[in-house]
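*Asks:* One structure coming up, written as structure tokens, with questions to follow.
Numbering (my numbering), first residue to last: 1351 to 1428.
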């Protein structure tokens, strides 16, 4: 990861990824199934859950819509 990315940002990406994964598991979907429903690539789901890249708002919105949860579930854990 580039050195200019602050630790707090990396930590928040990881937290969002954990929330996405929890929502996916609650829905009993595989990464591949979620990717299909959301219209994105499976590796995008994988990288989002790991927090290894900056997921776009569009990707997060697609995931939330596919999972039937509000976007805030990923950003504030509610």
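Backbone N, C-alpha and C define an ideal beta-carbon position, used for all residues, glycine too.
Do residue 1394 and residue 1404 have their CB atoms nearer than 8 Å?
*Replies:* Numbered from its first residue, the chain shown carries residue 1394 at position 44. Numbered from its first residue, the chain shown carries residue 1404 at position 54. No. Outside cutoff.
*Asks:* When we look at the beta-carbon of residue 1391 and count the other beta-carbons within 10 Å, is it buried (16 or more) or exposed?
*Replies:* On the chain shown, position 41 is the one that residue 1391 refers to. Residue 1391 should be labelled exposed.
*Asks:* Given this structure, state the Cα-to-Cα distance separating residue 1401 from residue 1412, to the nearest angstrom.
*Replies:* Here residue 1401 refers to the residue found at position 51 when the chain shown is read from its first residue. Here residue 1412 refers to the residue found at position 62 when the chain shown is read from its first residue. Approximately 16 Å, taken between the alpha carbons.
*Asks:* Leaving out the 5 sequence neighbours to the left and right, which residues in its chain are closer than 8 Å to residue 1292 when beta-carbon positions are compared?
*Replies:* Because the chain in this structure spans residues 1351 to 1428, residue 1292 falls outside the shown range and cannot be described.
*Asks:* Identify, in the order they occur along the chain, each residue of the same chain with its Cβ nearer than 7 Å to the Cβ of residue 1424, setting aside the five sequence neighbours on each side.
*Replies:* Your numbering for residue 1424 matches position 74 in the chain shown. Cβ neighbours of residue 1424 beyond the five flanking positions: 1366, 1369, 1370, 1410 and 1414.
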